[in-house]
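So the structure is just underneath, and the comments pick up after that.
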Amino acid sequence: MNLQIGITDLCNLECIMCLQTAHNGLYGKKENKIERLHKDNRGFISENTFKKILQDTSDIEFELLKMQWLGESFIHPGFKELLRILRKYENIKRIVFTTNISKINDDIITEIKKLRSKIHFIFSLDSFDPVVYKKIKGRDLLPNVLNNINRVLSHLPDAIYTFQMILMEENKNDVDRFIKKIKNEHKIKNIFFNESSIYKEENSNILIKRLGAFDQEKFDKLHLKEFLRLTGKTKEEYQKIMHIQKISDKTICPAPFRTPTVNWDGTIAPCCMDSFLEMPMGNINKDSFSNIWRGEEYRKLREAHLNHDLKAFPRCLRCSGLPDLALNKQEIEDVR
Ligand code: SF4
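Numbering of the sequence shown is given in my numbering, commencing with residue 3 and proceeding in unit increments.
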């Protein structure tokens with residue numbers, strides 16, 4: 003199982019392709035406005051909520067914990083204390099920090115070094131060109147970001163690093179430079195192009211819209227072309243890697259069995275695709291994790307997937323999904 007905790011849904015940047023800015027018009031286009039993320043219910047997780055979710059799940063062996071969902075975790079004013087709390091738990095193999103890396107200090111790095119799990123940083127960069135960076139991110143923070151990356155790399159040489167670039171119109175000519183810089187300066191092999199889907203509906207998760215909101219067909223072609231050019235992989239491999247397959251009659255999404263995702267206010271969603279909390283499974287401040295995990299909301303969602311009848315779950319129907327890793331029988335039995 004994987005746990006994801008969105009310790010905040012707020013961010014210090016204003017990236018043009020992100021849910022954070024899409025209420026003003028996605029990808030700079032006013033006509034592509036979508037609902038404001040979590041409307042007026044936005045904030046930072048409390049220590050108590052954080053402790054409660056970790057304590058309630060301390061008997062579960064997690065493959066990984068993602069310490070981010072929808073916002074920038076490193077702006078949490080109590081982040082250092084959250085890391086101290088996290089240090090007590092030994093049931094998590096790997097901890098993933100996805101960050102725009104504009105805010106980090108030595109105290110935080112020191113606390114991260116004390117964690118007992120394997121550490122994985124995902125740096126959301128999108129460009130190494132200062133002009134393009136500012137255009138995409140809304141702020142002129144690239145020098146600061148590069149400095150922070152070097153600081154983290156020197157203090158945590160054994161961590162896993164992923165440099166993430168969301169391929170879009172603004173940075174499409176910047177790709178080679180991006181890869182060269184990473185390879186030459188950091189000797190990093192693991193590069194993601196986190197632009198993954200072809201889903202078109204207005205209210206879908208922003209990660210899968212980006213250039214798609216601007217011109218879906220153009221985006222599809224560009225993304226495939228760049229992927230093939232940059233990775234040397236085949237079209238079939240692309241489809242597999244990018245989870246092109248959609249939720250269909252034959253699909254059982256593993257998320258309701260595998261990926262509890264906690265919003266800062268304690269609401270548990272079945273997966274990170276449920277950005278607007280359309281499928282609340284319960285709230286960790288009101289009930290135990292075990293009760294929620296085995297509760298009615300989860301039961302209904304799991305049955306819907308097992309029975310291939312998702313009409314009660316429109317979010318799932320329009321999902322481009324996470325059905326890449328098949329469920330095993332034991333995972334189904336474990337929650338029955
Ligand atoms: S189908 Fe999509 S939205 Fe539904 S549970 Fe799976 S990943 Fe989440």
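We put the CB at the ideal spot given by N, CA and C, even for glycine.
>> Starting from I94, trace the beta strand (DSSP E) in both directions and tell me its first and last residue.
In response: The residue you call residue 94 lines up with position 92 of the sequence shown. Counting along the chain, the beta strand (DSSP E) containing I94 begins and ends at 94-101.
> In chain order, which continuous runs of the alpha helix (DSSP H) of length 4 or greater are located wholly inside the segment 58-128?
Replying inline: 81-88, 108-116
>> Just checking P79 against the ligand SF4 - is the residue's beta carbon closer than 7 Å to any of the ligand's heavy atoms?
In response: Along the sequence shown, read from residue 1 onward, the residue named residue 79 stands at position 77. Result no, Cβ not under 7 Å from the ligand SF4.
> Which class does D149 belong to by DSSP, given the choice of helix, strand or coil?
Replying inline: Reading the sequence shown from its first residue, position 147 is the one you call residue 149. Checking the displayed sequence, the identity of residue 149 turns out to be Asn instead of Asp. In the structure shown, N149 sits in a helix (DSSP, three-state: H, G or I).
> Between the C-alpha atoms of P159 and D142, what's the straight-line distance to the nearest angstrom?
Replying inline: Within the sequence shown, the letter at position 157 stands for residue 159. Within the sequence shown, the letter at position 140 stands for residue 142. Spanning the alpha carbons of P159 and D142 requires a straight line of approximately 27 Å.
> Going by other Cβ atoms of all chains shown within 10 Å of its Cβ, with 16 needed for buried, is Q22 buried or exposed?
Replying inline: Start at 1 with the first residue of the sequence shown, and residue 22 comes out as number 20. Q22 comes out buried.
> Looking at the unbroken beta strand (DSSP E) that takes in A1, where does it start and where does it end?
Replying inline: With the chain running from 3 to 338 in the structure shown, residue 1 is simply not present.
>> Once DSSP output is grouped into helix, strand and coil, what is the label at T269?
In response: In the sequence shown, counting from the first residue as 1, residue 269 sits at position 267. Here T269 sits in strand by DSSP.
>> Buried or exposed, going by whether 16 or more other CB atoms sit within 10 Å of the CB of R317?
In response: Against the sequence shown, residue 317 aligns to sequence position 315. Flag for R317 reads buried.
> What is the rounded straight-line gap between the Cα of I121 and the Cα of S75?
Replying inline: Taking the sequence shown and counting its residues from 1, one reaches residue 121 at position 119. Taking the sequence shown and counting its residues from 1, one reaches residue 75 at position 73. So the two alpha carbons sit approximately 15 Å from each other.
> Quick one: what does DSSP say L56 is sitting in, helix, strand or coil?
Replying inline: Translated into the one-based positions of the sequence shown, residue 56 becomes position 54. In the structure shown, L56 sits in a helix (DSSP, three-state: H, G or I).
>> Suppose the cutoff is 7 Å on Cβ atoms and the five residues either side in sequence are ignored; what does the same chain contact list for E172 look like?
In response: For this step, residue 172 is matched to residue 170 along the sequence shown. Taken in chain order, the residues that qualify are V134, K137, I138.
> For R44 versus L84, is the C-beta distance shorter than 8 Å?
Replying inline: Looking up residue 44 in the sequence shown gives position 42. Looking up residue 84 in the sequence shown gives position 82. Not a contact, by the Cβ cut-off of 8 Å.
> In or out: T100 buried (at least 16 other Cβ within 10 Å) or exposed?
Replying inline: In the sequence shown, residue 100 corresponds to position 98, counting from 1. Result: buried.
>> Given the structure, does M283 come close to the ligand SF4, in the sense that its CB is under 7 Å from one of the ligand's heavy atoms?
In response: Locating residue 283 in the sequence shown gives position 281, counting from the first residue. Result no, Cβ not under 7 Å from the ligand SF4.
>> Does the beta-carbon of F315, which I'm using as the reference point, lie nearer than 7 Å to any heavy atom of the ligand FMN?
In response: Looking for the ligand FMN in the displayed structure turns up nothing; the ligands present are the ligand SF4.
> Using CA coordinates, which residue listed in I334, I55, L319, L56 is at the minimum distance from L308?
Replying inline: Along the sequence shown, one-based indexing puts residue 308 at 306. Among I334, I55, L319, L56, the Cα nearest to that of L308 belongs to I334.
>> Helix, strand or coil for L1? Go by DSSP, reduced to three states.
In response: Past the boundaries of the shown model lies residue 1; the chain is included only from 3 to 338, so the question cannot be answered.
>> Can you give me the C-alpha to C-alpha distance between L303 and I286, rounded to a whole angstrom?
In response: Mapped onto the sequence shown, residue 303 falls at position 301. Mapped onto the sequence shown, residue 286 falls at position 284. One C-alpha to the other measures close to 18 Å.
> Which residues in the same chain have their Cβ closer than 7 Å to the Cβ of F259, if we skip the five residues on either side of it in sequence?
Replying inline: By one-based count along the sequence shown, residue 259 stands at place 257. Result list for F259: R304, L329, E333, I334, V337, in chain order.
> On the three-state DSSP scale, how would you describe Q332?
Replying inline: The residue you call residue 332 lines up with position 330 of the sequence shown. It is helical.
>> Our contact map puts M283 next to I294 with C-beta atoms below 8 Å; I'd like the distance itself, whole angstroms only.
In response: Position 281 of the sequence shown, counted from the first residue, corresponds to residue 283. Position 292 of the sequence shown, counted from the first residue, corresponds to residue 294. Their Cβ separation, rounded to whole angstroms, is 6 Å, which keeps M283 and I294 in contact under 8 Å.
> Can you give the Cα-Cα distance for Q6 and I18, rounded to whole angstroms?
Replying inline: As a position in the sequence shown, residue 6 is number 4, starting the count at 1. As a position in the sequence shown, residue 18 is number 16, starting the count at 1. When rounded, the distance between both Cα atoms is 24 Å.
> Going straight from the alpha carbon of F278 to that of P272, what length do you get?
Replying inline: Residue numbering aside, residue 278 sits at position 276 when the sequence shown is read from its first letter. Residue numbering aside, residue 272 sits at position 270 when the sequence shown is read from its first letter. If you draw a straight line from the Cα of F278 to the Cα of P272, it is about 12 Å long.
> For the candidate residues A161, L127, L117, whose alpha-carbon lies nearest to that of Y91?
Replying inline: As a working note, residue 91 is residue 89 in the sequence shown. Minimum Cα distance to Y91 is reached at L117.
> Excluding the five sequence neighbours on either side, which residues of its own chain have a C-beta within less than 6 Å of the C-beta of E113, listed in chain order?
Replying inline: Here the question's residue 113 lines up with position 111 in the sequence shown. Only K82, L85 meet the Cβ criterion.
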